[in-house]
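A.B. asks: Each number in this note's numbering comes from the position in the sequence shown (counting from 1) with 9 added on.
Glycine included, every Cβ here is placed at the ideal spot set by N, Cα and C.
Structure incoming, see below.
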Amino acid sequence: MTVQGRYGRTAKVMAAAAGLALSVSSCGLFGERGPVKIAAMGSLNPAATPLDGELSAANAALLDATSQGLVGYDGEGQIDTGLADRWTVTTDGRSYIFRLREAKWTNGRKVAAEEVAAILRSYLAPASRHLLKDDFPEVETIKAMTDTVIEIRLAVPQPALLELLAQPSMAIVNKGMGWGPMRARKIGRAVLLSPVPDPLAEDPEAAEAAAHDPASSIELTGTSPAGALARFKNGYADGVIGGRFSTLPYFVASNIGRSRLVVDPVPGLFGLSFVRAEGFLATDTNREALVRAIRRERLVEAFGLAEWQPQVTLRPALYARDGGPAPLVPVWAEYDEASRVAQAKRAVDAWRGAGRAIEPLRIAVPDTPGGRILFAYVSADFAAIGVPSRRVAMASAADLRLIDEVAPNDDALWALRRLSCRRDTLCNRDAQELIDQATHNIDPGQRAQQVSEAEAVLARYAPFIPLATPLRWSVASQRLTGLRANGRAQHPLKHLIALPN
Numbered sequence: 010m011t012v013q014g015r016y017g018r019t020a021k022v023m024a025a026a027a028g029l030a031l032s033v034s035s036c037g038l039f040g041e042r043g044p045v046k047i048a049a050m051g052s053l054n055p056a057a058t059p060l061d062g063e064l065s066a067a068n069a070a071l072l073d074a075t076s077q078g079l080v081g082y083d084g085e086g087q088i089d090t091g092l093a094d095r096w097t098v099t100t101d102g103r104s105y106i107f108r109l110r111e112a113k114w115t116n117g118r119k120v121a122a123e124e125v126a127a128i129l130r131s132y133l134a135p136a137s138r139h140l141l142k143d144d145f146p147e148v149e150t151i152k153a154m155t156d157t158v159i160e161i162r163l164a165v166p167q168p169a170l171l172e173l174l175a176q177p178s179m180a181i182v183n184k185g186m187g188w189g190p191m192r193a194r195k196i197g198r199a200v201l202l203s204p205v206p207d208p209l210a211e212d213p214e215a216a217e218a219a220a221h222d223p224a225s226s227i228e229l230t231g232t233s234p235a236g237a238l239a240r241f242k243n244g245y246a247d248g249v250i251g252g253r254f255s256t257l258p259y260f261v262a263s264n265i266g267r268s269r270l271v272v273d274p275v276p277g278l279f280g281l282s283f284v285r286a287e288g289f290l291a292t293d294t295n296r297e298a299l300v301r302a303i304r305r306e307r308l309v310e311a312f313g314l315a316e317w318q319p320q321v322t323l324r325p326a327l328y329a330r331d332g333g334p335a336p337l338v339p340v341w342a343e344y345d346e347a348s349r350v351a352q353a354k355r356a357v358d359a360w361r362g363a364g365r366a367i368e369p370l371r372i373a374v375p376d377t378p379g380g381r382i383l384f385a386y387v388s389a390d391f392a393a394i395g396v397p398s399r400r401v402a403m404a405s406a407a408d409l410r411l412i413d414e415v416a417p418n419d420d421a422l423w424a425l426r427r428l429s430c431r432r433d434t435l436c437n438r439d440a441q442e443l444i445d446q447a448t449h450n451i452d453p454g455q456r457a458q459q460v461s462e463a464e465a466v467l468a469r470y471a472p473f474i475p476l477a478t479p480l481r482w483s484v485a486s487q488r489l490t491g492l493r494a495n496g497r498a499q500h501p502l503k504h505l506i507a508l509p510n
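Here is the structure:
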């Protein structure tokens with residue numbers, strides 16, 4: 010069944026919102042032996058580093074190709090080698106020891122373990138802007154043991170550490186220099202990536218020649234969502250990466266075949282975080298009323314993808330560290346839609362009945378076709394219980410702000426940390442204390458209990474309106490045999506196609 014067939018009337022709205030005109034596709038502009046051409050949504054900046062904060066899809070793909078971390082992901086979303094070609098974990102689970110492969114920076118100087126350790130320490134420094142800085146609370150020290158060996162020492166075991174280290178934002182960048190596994194060369198507005206020759210090859214000339222084989226190269230372009238899909242439709246790209254809910258209407262409007270769409274079944278957080286607790290939002294009861302009011306199935310169905318599912322829990326259900334604990338399903342989820350809306354409206358009526366007004370809530374969502382559709386449905390559900398709202402830009406002052414993040418690892422605490430005492434969330438000290446206790450607890454049973462208790466406290470506090478699972482999608486031609494859906498939404502460029510023999 011096609012996406013368009015499922016959308017019905019909504020498809021027309023989404024297509025109009027996208028405003029995308031794509032011409033008839035042409036085929037075979039590039040031979041099978043030419044470079045693989047990838048269009049990534051977002052700006053492409055060869056000078057981008059993990060310290061810049063959140064990376065665009067284009068910059069994340071570039072860094073992962075030219076400056077991969079200690080480990081990485083393969084095409085199936087499983088841990089793969091990176092700058093470290095092997096590693097061991099001590100029996101107590103508190104020490105990860107990585108042996109670095111033979112590698113050189115782009116200036117030809119050999120990569121040394123002390124440099125790499127210093128780079129990783131800078132990412133986790135208190136003043137760092139690194140996206141994952143707060144997700145490594147267990148790390149005690151990062152040090153070089155020899156010129157080729159690094160140890161990451163933990164205060165308590167963290168079984169999901171490798172998943173964090175494999176994220177593109179953990180790329181090893183040294184003052185703008187990468188080490189590989191690919192090297193970049195600017196060609197106009199794009200970047201041409203070719204494999205770094207094996208420094209240990211018996212025949213260096215043959216290794217250099219193999220690396221220059223056009224079929225081993227990738228041409229990466231950063232562009233707008235509409236531009237990326239237009240390039241694919243017209244044969245100027247073999248694949249498109251970086252799709253989210255906010256840009257899905259562009260795919261619908263493009264009329265690219267549904268068989269080309271790759272949707273990743275990822276866990277994470279997708280919903281509205283309360284930024285302030287003032288006025289109507291000052292009470293747990295009122296915030297929970299807004300949580301209950303959302304008709305999630307209706308909202309998700311508006312986007313027409315069966316792979317995209319509603320979510321009512323604060324923690325993602327797909328992954329659970331140590332086999333548990335299972336996410337806490339709220340009591341209100343047992344009621345039907347009409348009952349939940351009626352319950353929410355009673356709370357609003359009680360507030361107004363006491364002579365208190367409700368100022369329009371400022372809801373920050375992306376200014377994109379998908380963002381506007383999301384706001385329309387949320388705003389309508391709020392209006393149905395008597396709460397006015399207006400849409401504002403993501404960078405503007407707001408009362409609620411969209412969080413759209415894939416879980417970087419399987420740690421049950423990730424979502425609770427993300428929703429507690431951050432700059433864009435409310436802060437419940439009781440929940441935070443339980444989160445901190447669980448973080449540093451080495452007893453699995455006690456830790457699981459503290460996770461459950463912290464989640465229960467946060468659920469009563471209602472700092473977040475969960476809406477659905479995160480949506481991540483790509484588009485792939487038949488040539489991209491390595492671009493397959495996976496539970497991490499990771500599609501390393503070097504794994505998109507099998508290298509020539």
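Tell me, please, whether the segment 469 to 487 touches the segment 449 to 461 by the rule of three or more beta-carbon pairs shorter than 8 Å.
C.D. replies: no
A.B. asks: Quick one: residues in its chain with C-beta nearer than 6 Å to the C-beta of proline 204, no 5 flanking neighbours on either side, listed in chain order?
C.D. replies: Met191, Ala220 and Ser225
A.B. asks: What's the C-alpha gap between proline 479 and threonine 292?
C.D. replies: 28 Å
A.B. asks: Would you report the Cα separation of glycine 187 and glutamine 176, rounded to the nearest angstrom?
C.D. replies: In this structure, the CA atom of glycine 187 is about 16 Å from the CA atom of glutamine 176.
A.B. asks: Which residues bound the alpha helix (DSSP H) around arginine 301?
C.D. replies: Run containing arginine 301: 293 to 302, per the alpha helix (DSSP H) assignment.
A.B. asks: Does the distance from the CB of phenylalanine 289 to the CB of leucine 370 come in under 9 Å?
C.D. replies: yes
A.B. asks: Nearest to phenylalanine 107 by alpha carbon, out of Thr75, Lys152, Met154 and Val158?
C.D. replies: It is Val158.
A.B. asks: In the segment 389 to 448, which residue ranges form an unbroken alpha helix (DSSP H) of at least 4 residues, counting only runs that do not cross its ends?
C.D. replies: 423 to 427 and 438 to 448
A.B. asks: When the distance is taken between beta carbons, is leucine 53 closer than 9 Å to asparagine 68?
C.D. replies: yes
A.B. asks: With distances taken from CA atoms, which of Phe312, Pro274 and Ala286 is nearest tyrosine 259?
C.D. replies: Phe312
A.B. asks: I'd like to check one pair, threonine 232 with alanine 49: are the Cβ atoms closer than 9 Å?
C.D. replies: Against a cut-off of 9 Å, the Cβ pair of threonine 232 and alanine 49 comes out as a contact.
A.B. asks: May I ask which residues mark the beginning and end of the alpha helix (DSSP H) holding tryptophan 360?
C.D. replies: 346 to 362
A.B. asks: For the alpha helix (DSSP H) containing glycine 252, name the first residue and the last one.
C.D. replies: Looking at the DSSP string, glycine 252 is not in any alpha helix (DSSP H); the run it does join, the beta strand (DSSP E), is 248 to 253.
A.B. asks: Straight-line CA distance for glutamine 352 to tyrosine 344?
C.D. replies: The straight-line gap from Cα to Cα measures roughly 10 Å.
A.B. asks: With DSSP collapsed to three states, give me the class of isoleucine 506.
C.D. replies: coil
A.B. asks: Can you tell me whether serine 268 is buried or exposed, with buried defined as 16 or more other CB within 10 angstroms of its CB?
C.D. replies: exposed
A.B. asks: Measure the Cβ-Cβ separation of proline 274 and glycine 496 and say whether it is below 9 Å.
C.D. replies: yes
A.B. asks: Hey, how far is the Cα of serine 282 from the Cα of glutamate 368?
C.D. replies: 18 Å
A.B. asks: Could you tell me which residues DSSP pairs with methionine 50 in its beta bridges?
C.D. replies: Paired residues: Thr232.
A.B. asks: Less than 9 Å between CB atoms is the rule here; does leucine 435 satisfy it with respect to chain B?
C.D. replies: Note that chain B does not occur in the displayed structure, where there is just one protein chain.
A.B. asks: Just to confirm, is the Cβ distance from lysine 46 to isoleucine 250 under 9 Å?
C.D. replies: Not in contact: lysine 46 and isoleucine 250 (Cβ atoms no closer than 9 Å).
A.B. asks: With DSSP as the reference, label leucine 154 as helix, strand or coil.
C.D. replies: The sequence as given places methionine at residue 154; leucine does not occur at that position. Note: methionine 154 maps to coil in three-state DSSP.
A.B. asks: Could you tell me the boundaries of the alpha helix (DSSP H) in which valine 309 lies?
C.D. replies: 305 to 310
A.B. asks: Ends of the beta strand (DSSP E) at glycine 277?
C.D. replies: 277 to 283
A.B. asks: Measuring straight from C-alpha to C-alpha, what distance separates valine 460 and threonine 230?
C.D. replies: 42 Å
A.B. asks: Reducing DSSP to helix, strand and coil, say where asparagine 495 ends up.
C.D. replies: coil
A.B. asks: Can you look up threonine 490 in the DSSP assignment and give me helix, strand or coil?
C.D. replies: coil
A.B. asks: Arginine 469 lies in the alpha helix (DSSP H); which residues open and close that run?
C.D. replies: 453 to 470
A.B. asks: Among Ile394, Tyr105, Arg253 and Ala235, whose alpha-carbon lies nearest the alpha-carbon of alanine 262?
C.D. replies: Taking each of Ile394, Tyr105, Arg253 and Ala235 in turn and checking the Cα distance to alanine 262, the smallest one comes out for Ala235.
A.B. asks: Applying the criterion that 16 or more other CB atoms from any shown protein chain within 10 Å of the CB defines a buried residue, is isoleucine 196 buried or exposed?
C.D. replies: exposed
A.B. asks: Is it right to say glutamine 87 is buried, meaning 16 or more other beta carbons lie within 10 angstroms of its own, or is it exposed?
C.D. replies: So glutamine 87 ends up on the exposed side.
A.B. asks: Closer than 8 Å to a non-hydrogen atom of the ligand ATP - does that hold for the CB of glutamate 306?
C.D. replies: Although the ligand ATP was asked about, the structure shown includes no ligands whatsoever.
A.B. asks: So what does DSSP say about arginine 371, is it helix, strand or coil?
C.D. replies: strand
A.B. asks: For the segment 121 to 191, which segments carrying the beta strand (DSSP E) assignment without a break, of at least 3 residues, lie completely within its bounds, in sequence order?
C.D. replies: 148 to 153 and 158 to 163
A.B. asks: For the structure I just gave you, are there three or more beta carbon pairs, one from the segment 319 to 327 and one from the segment 439 to 446, closer than 8 Å?
C.D. replies: no
A.B. asks: Output the boundary residues of the alpha helix (DSSP H) element that contains proline 258.
C.D. replies: 257 to 263
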